[in-house]
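Heads up: the sequence shown runs through residues 2 to 67, numbered per this note's numbering.
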Amino acid sequence: MTLTVNGEPHPWREGLTVAALLEEKTFSFPLKIVLVNKRLVKKGEQSATLLEDGDVVEVVHLIGGG
């Protein structure tokens with residue numbers, strides 16, 4: 002049972018949340034967008050959003066500059 006995270010396989014387990022996945026994958030950059038199956042998951046929803054076997058997760062790092 003697996004997820005796809007930024008195009009790579011990642012093991013899925015029951016009870017895995019978006020927030021836990023971000024910690025496991027060390028996505029620590031402050032500005033990021035998280036999509037699960039092409040649906041935006043807001044920062045305030047990440048701890049409560051459970052992932053399912055087969056989900057496709059995309060994490061996009063936002064950067065700014067001048």
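All C-beta atoms, glycine included, are put in the ideal place defined by N, C-alpha and C.
Contact under 8 Å by Cβ, residue i with residue j
i, j, result
"L41", "L17", "no"
"V57", "K26", "no"
"E59", "L36", "yes"
Residue i beta carbon near the ligand FMN (any heavy atom closer than 7 Å)
i, result
"W13", "Ligands displayed in this structure: none; no statement on the ligand FMN is therefore possible."
Exposed unless 16 or more other CB atoms sit within 10 angstroms - verdict on residue i
i, result
"V61", "exposed"
"L22", "buried"
Assumed close pair residue i, residue j - CB separation to whole angstroms, cut-off 8 Å
i, j, result
"K33", "L63", "6 Å"
Proximity test, Cβ basis, 8 Å: residue i and chain C
i, result
"L22", "In the displayed structure, chain C is absent; only one protein chain is listed."
Which listed residue (the options) has its alpha carbon closest to that of residue i
i, options, result
"S48", "R14, V58, A20, P12", "A20"
"M2", "R14, G45, E46", "R14"
"P12", "T50, G45, G55", "G55"
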